[in-house]
Each structure stands twice: as structure tokens, then as C-alpha cells.
Amino acid sequence: MQLKSTETKPLNLYLLKATLFSQLLGLTLYTTLGLVFSLGLALVAGLPSWAAPVTKETKKENSYRGWIVFQESSNGGPINCTVTDQAIRIDIASCSFSAIAKAPDWNICVFRPDTKEMGFVKPSKWQQFNTSTVGATDECTLEKPIAKKAITLRGVNVPSYQYTFPGEKVTTAIFQTEKPREVSNYFVDSYQLSTAPQVAAIQCQLFNCVKLDGLLINCVGKIKDTNEPHWFIRTKKVVRNESIPASTFELPKNYKALKTIDSSFKFKGMSGSIDEFGEMLNIGKERPAKPKQPKL
């Protein structure tokens, strides 16, 4: 049976409304999701800085390539030398002083952390500055070598030499109380750890030695009576360092700069010990005068 057109109008109108409603619902959902997504981006963008930390590049300190030499003297105890092709630093803990020299003038800055004082020594006066003035030690007079030969090292690939110096009568006892011993010869090893000749000169003259082709590494004396070797200067370790901080060679800050200094400046921190030693022996103290005895 065929329906009339008057009966189909309500159905067609219903279908049309349903279609429009679905389209409107889809548009509403699409718009709502878009707003939610946009709001999410805005929230993320508005997060505080601690939620997304920014990495800042730290400025690296300038550095040098060089060597650190750990040494020991029979008189001065441990001595550490840090050397490069541009500078040298010497630290002597037993006397509580350090020295720094660098290109281009190579003037030596000597400073004491204990007294916060510093002074400068010209390279031409450096060896004289390191000559003992107390008279307590007369050893290792390394003035003029009588022989020199190349030597081969293990683990340190640098030019190296051994020098032979004349011997002498020496004593290692303070105030010359020990019986002197005679050394037939000194044998001195040197390593070229820096291309700057000033570095080798400053380090050698620290030990009252003439300039060598390289740093003074070991000094051994052969005792004449027994023919036995006796070390005066020895190196415990030589370490290559590819990144020595430039601050290692900076002059100390907030130190009192003295107009002039002499070799006594190195032993300034020992004055207290010497005074204590003097008090033990009653040296330098005024003794009370003895009462006069009545004449009989």
C-alpha cells in the first residue's frame, strides 16, 4: 500500500532535525576539544622556570699543560714544583713559603701564607737569595760540572742527562756539630720538563746549582771512605698534567708587599722554634747578678 505525501512529511522532518542535531553536536565537540588543547598548551607554556630548568654554560678556567714534580731535600724536606712552558711554582711546606715566576719578566714572587707577606726577587739575584746565610749547611756545592752524558728514562719521554760534579767535605748536622764527611763526586740527573730555560734555571738555583739542561731531579753523592751513595736531593714522583689551572700561577691577593726581601724571609716562620730552642738553653736571657760577698 502506497502512503500519501501528507503522511510522510513528519518522518522527513524528523530525519532532517536529527541530521542537523548531529552536525551541531560534532561542531560543538570539535570546538570544545580545540579549546581544551589550546588551554593545555597555554598551561604548559605558563609553567614556572623551575619546572623546565635551563642549563647555563659555566666558563672554564684557562689551563696549561705541564708537570708536577714531588721532591725531597735532605735539608729542606718536601718540595713540590709545578712547571709549564710559561711558568713555574715552588712550594716548600717545611719553611711555609712558595715562589711563583712566569713569562715574560720571570721575576720571582716569594710569599708566605702564614704571615700574609710577599716580595719579589730578580732572576739575577735568585741563586744568591737561596744561599744559606745561617752557616748550618755546607753541602751540594754544584758550581761547575766535569762531565755530562745523556740518559734514558722509563715512563718519561723527555731529553735527560746526568752531570758529574766535583766532591767536597760536607755535614748535614745543624750548627756543624757532626763530623764532616767527604764526597768524592756528585751525580746529578736533569729532565727537560719545560721548553723555557728560565724554568730550569729558577728550579736549579733553588738548590744552589748552576743552570742545567732541564730541571734538577736527583743529586747523589758518593762517600769517599765507604764508596756508598748518599742522596741529597731526590724525586719521588713526576706526574704529567694536561690541565694545570692558570690560577696556580696567580700572585696572592690581600698580601702585604714588602719593598725588599732577603734569604731570611724564607726562614721567618722558624723564628718561633729557634726562640723556643734558645729558651731551653737559656740563650739570650739576662741572668741575675750574683750578690757581692762581704770581705772578710
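Numbering (our numbering), first residue to last: 116 to 411.
We put the beta carbon where it would ideally sit given N, CA and C, even for glycine.
Predicted model, so just to flag it, every value in this text is computed and none were measured.
For a test of the three-state rule: what should DSSP assign to Leu321, helix, strand or coil?
Residue numbering aside, residue 321 sits at position 206 when the sequence shown is read from its first letter. If DSSP states are grouped into helix, strand and coil, Leu321 belongs with the helices.
Selection from Asn195, Gln313, Lys351 and Leu331 that minimises the alpha carbon distance to Gln201:
To locate residue 201, count along the sequence shown from 1; it is residue 86. Nearest option by C-alpha distance: Gln313.
Taking the alpha-carbon positions, what's the Thr341 to Glu297 distance?
Residue numbering aside, residue 341 sits at position 226 when the sequence shown is read from its first letter. Residue numbering aside, residue 297 sits at position 182 when the sequence shown is read from its first letter. When the Cα atoms are used, Thr341 and Glu297 turn out to be separated by approximately 10 Å.
Could you have a look at Lys240 and say whether DSSP puts it in helix, strand or coil?
Here residue 240 is taken as the residue at index 125 of the sequence shown, counted from 1. If DSSP states are grouped into helix, strand and coil, Lys240 belongs with the helices.
For Lys284, the residue or residues it bridges with in DSSP
Taking the sequence shown and counting its residues from 1, one reaches residue 284 at position 169. BP columns for Lys284 point to Glu297.
Nearest to Ile376 by CA position, among Asn272, Gly234, Ser362 and Pro274, is which residue?
The residue given as residue 376 occupies position 261 in the sequence shown. Per the Cα distances, Gly234.
Buried or exposed: Arg204, going by 16 or more other Cβ atoms within 10 Å of its Cβ?
The count along the sequence shown starts at 1 and reaches residue 204 at position 89. Buried: at least 16 other Cβ atoms inside 10 Å.
If you draw a straight line from the alpha carbon of Leu327 to that of Phe280, how long is it in whole angstroms?
Along the sequence shown, one-based indexing puts residue 327 at 212. Along the sequence shown, one-based indexing puts residue 280 at 165. Cα-Cα distance, rounded: 12 Å.
Nonlocal neighbours in the same chain, by C-beta distance under 6 Å from Ala218, ignoring five residues either side:
In the sequence shown, counting from the first residue as 1, residue 218 sits at position 103. Correct list, in chain order: Gln201.
In the DSSP assignment, find the unbroken beta strand (DSSP E) run with Ser378 in it and report its ends.
In the sequence shown, counting from the first residue as 1, residue 378 sits at position 263. For Ser378, there is no enclosing beta strand (DSSP E), since its DSSP letter is neither H nor E.
How should Leu142 be labelled, buried or exposed, when 16 other C-beta atoms within 10 angstroms of its C-beta is the threshold for buried?
Locating residue 142 in the sequence shown gives position 27, where the first residue counts as 1. Because the pLDDT of Leu142 is 45, which lies under 50, any placement of that residue in the model is unreliable, and the question is left without a value.
Can you check whether the CB of Asn333 is closer than 8 Å to the CB of Thr350?
Looking up residue 350 in the sequence shown gives position 235. Looking up residue 333 in the sequence shown gives position 218. Yes, these two residues count as a Cβ contact at 8 Å.
Could you spell out the range, first to last residue, of the beta strand (DSSP E) harbouring Ser187?
Along the sequence shown, read from residue 1 onward, the residue named residue 187 stands at position 72. One detail in the question is off: residue 187 reads as Glu in this sequence, not Ser. Annotation: the continuous beta strand (DSSP E) that includes Glu187 extends over Ser178 to Ser188.
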